[in-house]
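Participant:
Chains as they are written, first to last, in our numbering: chain A, -1 to 248; chain B, -16 to 291.
Encoded structure:
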């Protein structure tokens, strides 16, 4: 089966973001960027399916300007076979991202699409579900285990109360949770090899989709600062403060 | 304006988060209807009819909705959506699962995880793991929204809404439920508890989480964990507090053996009072803690339990 893995270039997860002084957005100038951690898990899962002989081809796709080719090369170094960049400078709403991905799904006809459950920048947790709706496919979100079973896929999902296993007809959409797998590191030879793997560039405008923004970012502000606390010297002092000063225990 | 709110429940009990989600709907303003989609969920419908501010409870009681599969529930909600300007669910795993599907079927954007309402089309939500707060305006005619319940205070349960049964069934037939592996706990629900005590990598193993139990019992607290503790297999995933786990905002949050990574802080830094117990005085958790104790947790926890 063919597996499609949409990935996103985001700020590195260790970076503490700063809001711009004019409150227009966060400041991403000269900030370290990386493949979204959940997307990395999606790539790893697809590559594992290939290594197990289940998947025949793994295609990574990303939407953004030329800089996202860096993350596509990472995906190729991790084991994806080829990559597609959908070129745009626009910052797209998830619904428009899903519409572009729908076109790629129509072109490539994958049996499985694996996405991260959310990107760590916008924290939306929407794209996989929206793509599932647009393609009419079933969805297995927040997956911590994925097993192909004939023309179905069993997905164990992380839900509020524990774990839930569902069975989906293929083709299907899966979104990854953190515990699905432990992504590998790309070796130097694989990084070199990835440079020669095919990477197609398509223009977002060529798909003929109306990509008009559906949301408007009014402002971005820093969160309220917590005022500095105190260091207590003993458990006795801690209990006394919680009872009499903070009054949160009795 | 009419607002459809999806009721969060497990077929037997209406979750208290729904009361907070209704509060968000009240902040938007308009006639509020609650949708109870499930199977054998009459008790939930009764409870839903008592939620303050709700004028009507729509009940879709069918086996197709028992496990609230996204494929089936999204079709139901999309069909009902014609009559509403706002469709709202709690940003828990059920709502996160099916609501974007509804938004796509309606061809609108979704505003996820709102923590405040500015107006009927403008909402406030955290981005970048809570390190920035965005004010976002929806330009779509219909608003599909999920609500972070810690951002709103629960409404009362003194209402008396009309209950209306829906008989149409929307079964997509492309997915099915296989099994559940639920964590059973006598303790309060993590999201709703007024006191939470969480352990991190410093707990060293799952066995040591027992050290938290005595304290949790005395404080009526829920027990949470950092991602490190979950990944290491100390405790199950549903105990994870953080950007990708549960978001909590209790009156008192006690972080034990947790360094305080950005991703963990995203899930708890709106707690009213934060206590950190860590032997590393440099741990970032002390920068957000109201009360910090630099100590070995294996000495501190038994002592804390004995003095409560």
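Where is the CB? At the ideal position from N, CA and C, for every residue including glycine.
The model shown is predicted, which means the values in this text are computed figures rather than measured ones.
In three-state DSSP terms, what is residue 78/B?
Facilitator: Residue state, collapsed to three classes: helix.
Participant: For the stretch 47 to 75 of chain A, which residues have a CB atom closer than 7 angstroms to at least one CB atom of chain B, in sequence order?
Facilitator: Cβ contacts with chain B: none found.
Participant: Per DSSP, which one or two residues make a beta bridge with residue 79/A?
Facilitator: Note: residue 79/A sits in no beta bridge, so no partner.
Participant: On the DSSP bridge assignment, give the partners of residue 108/B in chain order.
Facilitator: Note: residue 108/B sits in a beta bridge opposite 117/B.
Participant: For the stretch 237 to 273 of chain B, which segments carrying the beta strand (DSSP E) assignment without a break, of at least 3 residues, lie completely within its bounds, in sequence order?
Facilitator: Correct list: 256 to 261.
Participant: Excluding the five sequence neighbours on either side, which residues of its own chain have a C-beta within less than 7 angstroms of the C-beta of residue 16/A, listed in chain order?
Facilitator: Once the five neighbours on either side are set aside, the close Cβ partners of residue 16/A are 24, 25.
Participant: Which residues of the stretch -4 to 30 of chain B have a Cβ closer than 7 angstroms to any Cβ of chain A? Give them in chain order.
Facilitator: Flagged: no residues at all.
Participant: Using a C-beta cutoff of 9 angstroms, does residue 7/A count as contacting chain B?
Facilitator: Cβ-Cβ to chain B under 9 angstroms: no for residue 7/A.
Participant: Determine which residues of the stretch 252 to 276 of chain B have a Cβ less than 9 angstroms from any Cβ of chain A, and write them out in chain order.
Facilitator: For the stretch 252 to 276 of chain B, which is checked against every Cβ of chain A, the residues closer than 9 angstroms are 252, 253, 255, 256, 257, 258, 259, 260, 264, 269, 270, 271, 272, 273, 274, 275, 276.
Participant: Using a Cβ cut-off of 7 angstroms, which residues of the stretch 146 to 158 of chain A contact any Cβ in chain B, in chain order?
Facilitator: From the stretch 146 to 158 of chain A, only 152, 156, 157, 158 have a Cβ closer than 7 angstroms to chain B.
Participant: Which same chain residues end up closer than 6 angstroms to residue 196/A when comparing Cβ atoms and leaving out the 5 residues on each side of it in sequence?
Facilitator: Answer for residue 196/A: 80, listed in chain order.
Participant: Please compile the residues from chain A whose C-beta is within a distance smaller than 8 angstroms of the C-beta of residue 84/B.
Facilitator: Within 8 angstroms Cβ-Cβ: 127, 128, 130, 131, 137.
Participant: With 9 angstroms set as the bound, which would you pick, yes or no: does the beta-carbon of residue 113/B sit closer than that to a beta-carbon of chain A?
Facilitator: Yes, residue 113/B counts as interfacial toward chain A.
Participant: Excluding five sequence neighbours on each side, which residues of the same chain lie with their C-beta closer than 7 angstroms to the C-beta of residue 176/B?
Facilitator: The residues are 204, 205, 233.
Participant: Roughly how many whole angstroms lie between the Cα atoms of residue 72/B and residue 142/A?
Facilitator: Residue 72/B and residue 142/A: Cα-Cα distance of roughly 24 angstroms.
Participant: Return helix, strand or coil for residue 167/A, following the three-state DSSP convention.
Facilitator: If DSSP states are grouped into helix, strand and coil, residue 167/A belongs with the strands.
Participant: Is the stretch 264 to 281 of chain B touching the stretch 237 to 249 of chain B in the sense that three or more CB pairs, one from each, lie closer than 8 angstroms?
Facilitator: Counting Cβ pairs under 8 angstroms, three or more are found: they touch.
Participant: Using a Cβ-Cβ distance cut-off of 9 angstroms, determine whether residue 81/B contacts chain A.
Facilitator: Yes, contact with chain A.
Participant: How many Å lie between residue 124/A and residue 173/A at the Cα?
Facilitator: Looking at the two C-alpha atoms, the distance is approximately 10 angstroms.
Participant: Going by C-alpha to C-alpha distance, which of 49/A, 74/A, 50/A sits closest to residue 57/A?
Facilitator: Closest by alpha carbon: 74/A.
Participant: Which residues share a DSSP beta bridge with residue 206/B?
Facilitator: DSSP lists 180/B as partners of residue 206/B.
Participant: Find out if the Cβ-Cβ distance for the pair residue 165/B, residue 161/A is shorter than 9 angstroms.
Facilitator: The answer is yes: Cβ separation under 9 angstroms.
Participant: Just to confirm my understanding: we take residue 247/A, look at its own chain, exclude 5 residues before and 5 after, and list those with CB closer than 7 angstroms. What are they?
Facilitator: 240, 241.
Participant: Can you tell me whether residue 76/B is buried or exposed? The criterion is at least 16 other CB atoms within 10 Å of its CB, across all chains shown.
Facilitator: So residue 76/B ends up on the buried side.
Participant: Going by Cα to Cα distance, which pick from 64/A, 103/A, 188/A is closest to residue 170/A?
Facilitator: When each option's Cα is compared against that of residue 170/A, the closest is 103/A.
Participant: Within the continuous alpha helix (DSSP H) that includes residue 169/B, where are the two ends?
Facilitator: Segment: none, residue 169/B is in no alpha helix (DSSP H) and carries neither H nor E.
Participant: Counting only Cβ-Cβ distances shorter than 8 angstroms, please list the residues of the stretch 209 to 232 of chain B near chain A, keeping chain order.
Facilitator: Result list: 210, 213, 214, 219, 220, 221, 226, 227, 229.
Participant: Would you call the CB atoms of residue 66/B and residue 2/B closer than 9 angstroms?
Facilitator: Not a contact, by the Cβ cut-off of 9 angstroms.
Participant: What residue does the alpha helix (DSSP H) around residue 128/A start on, and which one ends it?
Facilitator: Residues 125 to 133.
Participant: I want to see whether chain A comes within less than 9 angstroms of residue 33/B, judged by CB atoms only; does it?
Facilitator: No, its Cβ sits nowhere closer than 9 angstroms to a Cβ of chain A.
Participant: Check the DSSP bridge columns for residue 67/A and list the partner residues they point to.
Facilitator: DSSP output for residue 67/A lists no bridge partner at all.
Participant: Please compile the residues from chain A whose C-beta is within a distance smaller than 7 angstroms of the C-beta of residue 117/B.
Facilitator: Here the neighbours are 215, 218.
Participant: By Cβ distance, which residues of its chain are closer than 7 angstroms to residue 123/B, with the 5 residues on each side in sequence left out?
Facilitator: So the list reads 91, 92, once near-sequence residues are dropped.
Participant: What residues of chain B sit near residue 24/A, judged by a beta carbon separation below 7 angstroms?
Facilitator: Going along chain B in sequence order, the residues near residue 24/A (Cβ under 7 angstroms) are 111, 115.
Participant: What whole-angstrom Cβ distance do residue 98/A and residue 19/A have, given they're in contact under 8 angstroms?
Facilitator: 33 angstroms between Cβ atoms; not a contact.
Participant: Using C-beta distances below 6 angstroms, list every residue in its chain close to residue 31/B, excluding the 5 sequence neighbours before and after it, in chain order.
Facilitator: Excluding positions up to five away in sequence, the list reads -10, -3, 17, 19, 40.
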